[in-house]
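Engineer: Just dropping this structure here.
There are 2 protein chains.
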Amino acid sequence: MRPSLECRRTETHLYGVELYEGDDAVTELTKRDQQVLEAVITDHIHSGDPVGSRTISKRYGLKVSSATIRNVMADLEEMGFLQQPHTSAGRIPTEKGLRFYLDSLMQFREMEEGERRLIRKALEETQQDIKGLLQRTSRILSRLCKQAGVVLWPRLSSTHLKQIEFIRLRRQQIMVILISKSGLVHHTVLDWEEDITQDELDKYGRYLNDLLEDVPLGKAKERILEEMQKEKVLFDQLYSRALRISRHFFQFNLEKSDIYIEGQTNLLNNPEFSDVERMRRILETFEDKSRIIRLLDKTLNMSSGVQIILGQESELEELQGISLISSPYRKGDTLLGVLGVIGPLRMDYSRIIPVVEFTAGLLSQLMEEPEDY
Amino acid sequence: MRPSLECRRTETHLYGVELYEGDDAVTELTKRDQQVLEAVITDHIHSGDPVGSRTISKRYGLKVSSATIRNVMADLEEMGFLQQPHTSAGRIPTEKGLRFYLDSLMQFREMEEGERRLIRKALEETQQDIKGLLQRTSRILSRLCKQAGVVLWPRLSSTHLKQIEFIRLRRQQIMVILISKSGLVHHTVLDWEEDITQDELDKYGRYLNDLLEDVPLGKAKERILEEMQKEKVLFDQLYSRALRISRHFFQFNLEKSDIYIEGQTNLLNNPEFSDVERMRRILETFEDKSRIIRLLDKTLNMSSGVQIILGQESELEELQGISLISSPYRKGDTLLGVLGVIGPLRMDYSRIIPVVEFTAGLLSQLMEEPEDY
DNA sequence: AATTAGCACTCGACTCTGATGAGTGCTAAC
DNA sequence: GTTAGCACTCATCAGAGTCGAGTGCTAATT
């Protein structure tokens, strides 16, 4: 049965629908073509199987016979929206077909209050530790959508400094700890050619905390360079060393990021991944997080709403047959990170997109929370 | 072909071999019984299939016919060392059989110099960040053994304090950051009923750094309680609050731990896990790390050498058919954590045990490294 | 008494077969 | 333009037959 639909349209025009095919004339999709395409897709999303002409003519309110549907389907196949796994099977959508569906046909389903409540409960849990918050977020996404949930950490560069601290671990080895206003902690060990006492390091800390107060960390490097030009600094060993160390630190750590992926095992429940070899490749990709991080990074800078990347579009061949629904979360005007759901191409988009959107909104709201001094 | 063996014996007597079965008389394994059992196991470990009597009589240097072997195998089955997947198949070892093999039959294979070099190279990489070190350790274990590699982090309680730091995040919210001498960083957000200024928190930090200097963190709670008894503290608001906060912190964070699991996808290569449902259950167990942590914790306190836990023995039913080879690593006399390899029951123990042992030794050595002031 | 050759038997794995049915494309009639 | 009808395709499934690895038992051999 077709789920009841609501009448809001998606805004994801990331990849425009090509209604013009190469040199061909305009290939217009008639109203009926679209209805059939939509029917095929919704049915396939729910069943996972190829769908045949009879099913469509019977189950969806089109008042034409299966033969007519067959003709339409043949047209849609020719235009590249549908494909046939083998001659005597029904049709399944191509990525192009899905893309068109997402951009022009799909209508969101209103979220149930129960779902909203679950998400709120998961995120608003008292414990206000950012790490935990992000982890809980990816967990609830995976639970609710029955796929893998993913959350990209905020980059340091998109946050403000709360405190920076240098600690002498041993000779010529310093640990730098940076806490952002949002409660993110980042620490690295730095090898430094000179040996510096803890006392002196404490001074560096105080100096830099002053210097970088209220500077968005993305601008920190500039600020440091600027300061390095100043005369009083040029000739003061303390200042100049403090600046050199911190420049070195920011150089390598500002753009690092990490992700949480939860519920990978949910993917194993999808019949399309019952092929072990295929699944292995996908899980392997998840193990080496860097590729996924790069992918999410890319979506971060692209738009402000929900985005969908289908298989090919990811340009990662390990992710053939995989789809990513993502949305950035933010604090005020700055985008912090991205969260989303990873699953097969055949996902219940009309249900999951609102979930992702809502979760991103709620997370942004929590980030916003007044700095309550 | 049987790999060439070296002549050192395993010390893993974790689960004693039961040569006495219930009320029965002594069931002695003759020399030949043992040879056959060993042959079955080595063959099965390398092929993965049930092995038949003919294979054994031909391929392993026993100078008896297959018929004799059959008789022996029937005996071994009766005694519970072997089992038959179905009537007309060969035999595979039971867990009891494997246990006996591990405890009394198996001989280690000498590690190749190449393996040693690889491990050294992976661990001794310049970057001296503990997190990275542990991650690299579990990665090299998984690579070398073609199974999942796992490393349990050191507990705070087994390290010494380098520095403790309190940072005011917002009203009634404090971040506690603790750095251990080994370079481990632990941070938590604490909700506290009173609001405390950063200035005051700095004082707490200095006070506690003094108080806990050179105290092993496992003893920190005692030390704090002791201090709380002192008169000068009882009536000093600053001291007493600092102590209460830190007590609260240690209460909840001393025993927390985490693990790195790398190379989970290697498990998918084992034919025994080609069943998707089975694999799903195992990966699910890995996703919720707490159970694995508890399991590793248990082995931590049990012995100082390499230990092996076979399926049943783990008392986790999700880990049926799974085997863990682990060894603690240490710093001086204190056990820090555990590292190991997780794979199917049918692993190449004679090769992997030395690898785990060597890696644990090397990691311990790196932990040892002089505190180089 | 232990070992072995021989043999009947078991059973999973594989192949071949035909039946089934979902689904198609095409054509001619409406 | 739509539809009924029909021949055709092809994945899937069940059943039958074959193969071969491996067993257990027995009787002969050492």
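Here the protein sequences line up with chains A and B, keeping their order. Heads up, this note's numbering is the position in the first sequence plus 294, with the first residue counted as 1. Heads up, this note's numbering is the position in the second sequence plus 294, with the first residue counted as 1. C-beta: ideal position from N, C-alpha, C; glycine also. Being a predicted model, the structure only gives us computed values, none of them experimental.
For Arg-385 of chain B, which residues does DSSP report across the bridge?
Structural biologist: Partner(s): B:Val-345.
Engineer: If you draw a straight line from the alpha carbon of Ile-386 of chain B to that of Val-330 of chain B, how long is it in whole angstroms?
Structural biologist: Their backbone Cα atoms lie some 12 Å apart in a straight line.
Engineer: Output yes or no for whether 8 Å exceeds the beta carbon distance between Asn-503 of chain A and Ile-539 of chain A.
Structural biologist: Going by C-beta atoms, Asn-503 of chain A is not nearer than 8 Å to Ile-539 of chain A.
Engineer: Would you kindly work out how many angstroms separate the C-alpha atoms of Ile-636 of chain A and Asp-569 of chain A, rounded to a whole number?
Structural biologist: Their Cα atoms are separated by approximately 18 Å.
Engineer: Got a sec: is the Cβ-Cβ distance from Glu-469 of chain A to anything in chain B below 8 Å?
Structural biologist: Sequence check: residue 469 of chain A is Met here, not Glu. Cβ-Cβ to chain B under 8 Å: yes for Met-469 of chain A.
Engineer: Which whole-angstrom value is the C-beta distance of Gly-391 of chain A and Ile-335 of chain A, which I expect to be below 8 Å?
Structural biologist: Going by Cβ atoms, the distance from Gly-391 of chain A to Ile-335 of chain A rounds to 7 Å, so yes, they are a contact pair.
Engineer: Under 8 Å between the Cβ atoms of Glu-678 of chain B and Val-600 of chain B?
Structural biologist: With chain B covering only 295 through 667, there is no way to say anything about residue 678 of chain B.
Engineer: Taking only beta-carbon positions, decide if Glu-662 of chain B is within less than 8 Å of chain A.
Structural biologist: Output row for Glu-662 of chain B: interface = no.
Engineer: Beta-carbon separation of Val-444 of chain A and Tyr-554 of chain A under 8 Å?
Structural biologist: Taking 8 Å as the Cβ cut-off, Val-444 of chain A and Tyr-554 of chain A qualify as a contacting pair.
Engineer: Assuming Thr-388 of chain B contacts Gln-377 of chain B (C-beta within less than 8 Å), just tell me the rounded distance between them.
Structural biologist: Contact flag correct, Cβ pair sits at about 5 Å.
Engineer: Out of A:Ser-476, A:Ser-360, A:Gly-634, A:Arg-572, which one is the CA nearest neighbour of Asp-591 of chain A?
Structural biologist: Closest option to Asp-591 of chain A, Cα to Cα, is A:Gly-634.
Engineer: Buried or exposed: Ala-361 of chain B, going by 16 or more other Cβ atoms within 10 Å of its Cβ?
Structural biologist: Under this definition Ala-361 of chain B is an exposed residue.
Engineer: In whole angstroms, what separates the C-alpha of Gln-467 of chain A from that of Ile-587 of chain A?
Structural biologist: Cα to Cα, Gln-467 of chain A sits roughly 29 Å from Ile-587 of chain A.
Engineer: Straight-line CA distance for Arg-437 of chain A to Phe-652 of chain A?
Structural biologist: Rounded to the nearest angstrom, the two C-alpha atoms are 15 Å apart.
Engineer: Taking DSSP as the reference, what is the three-state secondary structure of Arg-449 of chain B?
Structural biologist: Coil at Arg-449 of chain B, not helix or strand.
Engineer: Quick check on Arg-517 of chain A - is its C-beta less than 8 Å from some C-beta in chain B?
Structural biologist: It does not; no Cβ of chain B falls within 8 Å.
Engineer: At a CB distance below 8 Å, what residues from the segment 448-467 of chain A approach chain B? Give them in sequence order.
Structural biologist: Listed by position, the residues of the segment 448-467 of chain A near chain B (Cβ gap below 8 Å) are Lys-456, Gln-457, Glu-459, Ile-461, Leu-463, Arg-464, Arg-465, Gln-467.
Engineer: Taking Cβ to Cβ, would you say Phe-546 of chain A is nearer than 8 Å to Ala-514 of chain A?
Structural biologist: The answer is no: Cβ separation not under 8 Å.
Engineer: Name the chain A residues that come within less than 8 Å of Ser-568 of chain B, Cβ to Cβ?
Structural biologist: Going along chain A in sequence order, the residues near Ser-568 of chain B (Cβ under 8 Å) are Val-570.
Engineer: Return the CA-CA distance between Met-295 of chain A and Leu-656 of chain A, expressed in angstroms with no decimal places.
Structural biologist: For Met-295 of chain A, the pLDDT reaches just 31, beneath the cut-off of 50, and the residue's location in the model is therefore unreliable, although a value from the coordinates is still provided. Taking the straight line joining both Cα atoms gives about 31 Å.
Engineer: DSSP on Gln-429 of chain A, reduced to helix/strand/coil?
Structural biologist: Helix, per DSSP.
Engineer: Could you check where the alpha helix (DSSP H) with Asp-496 of chain B kicks off and where it finishes?
Structural biologist: Run containing Asp-496 of chain B: 492-505, per the alpha helix (DSSP H) assignment.
Engineer: If we ignore side chains and look at the alpha-carbon of each, how far apart do Leu-528 of chain A and Tyr-498 of chain A end up?
Structural biologist: So the alpha carbons of these two residues sit roughly 15 Å apart.
Engineer: Provide the residue span of the beta strand (DSSP E) that contains Gln-467 of chain A, from first to last.
Structural biologist: Unbroken beta strand (DSSP E) run through Gln-467 of chain A: 467-474.
Engineer: Report the neighbours of His-338 of chain B on chain A: residues whose CB is nearer than 9 Å to its CB, in chain order.
Structural biologist: Correct list: empty, because the minimum Cβ distance to chain A is about 22 Å.
Engineer: In terms of DSSP beta bridges, what is Pro-622 of chain B paired with?
Structural biologist: Paired residue(s): B:Val-632.
Engineer: Rounded to whole angstroms, what is the Cα-Cα separation between Arg-401 of chain A and Ser-644 of chain A?
Structural biologist: Here residue 401 of chain A is Gln; the residue named in the question, Arg, does not match the sequence. Cα-Cα distance, rounded: 6 Å.
Engineer: For His-481 of chain B, decide whether its Cβ has a neighbour in chain A, counting only Cβ atoms nearer than 8 Å.
Structural biologist: So, interface residue.
Engineer: Please confirm whether Leu-562 of chain B has its beta-carbon closer than 8 Å to some beta-carbon of chain A.
Structural biologist: Yes, because at least one Cβ of chain A sits closer than 8 Å to the Cβ of Leu-562 of chain B.
Engineer: Less than 8 Å separating the beta-carbons of Ser-452 of chain A and Leu-323 of chain A?
Structural biologist: Not in contact: Ser-452 of chain A and Leu-323 of chain A (Cβ atoms no closer than 8 Å).
Engineer: Flag Ile-473 of chain A as yes if its beta-carbon sits less than 8 Å from any beta-carbon of chain B, otherwise no.
Structural biologist: So yes, Ile-473 of chain A belongs to the interface.
Engineer: Tell me which residues of the segment 594-606 of chain A have at least one Cβ-Cβ distance to chain B shorter than 8 Å, keeping chain order.
Structural biologist: Correct list: empty, as no residue qualifies.
Engineer: Which of the three DSSP states, helix, strand or coil, is assigned to Gln-441 of chain B?
Structural biologist: Note: Gln-441 of chain B maps to coil in three-state DSSP.
Engineer: What are the boundary residues of the beta strand (DSSP E) that Val-479 of chain A is part of?
Structural biologist: 479-485 is the extent of the beta strand (DSSP E) around Val-479 of chain A.
Engineer: Excluding sequence positions up to five away, which residues of its chain have a Cβ less than 8 Å from the Cβ of Tyr-501 of chain B?
Structural biologist: The residues are Leu-532, Tyr-533, Ala-536.
Engineer: Check whether the Cβ atoms of Leu-484 of chain B and Arg-462 of chain B lie closer than 8 Å to each other.
Structural biologist: For Leu-484 of chain B and Arg-462 of chain B, no; Cβs fall outside 8 Å.
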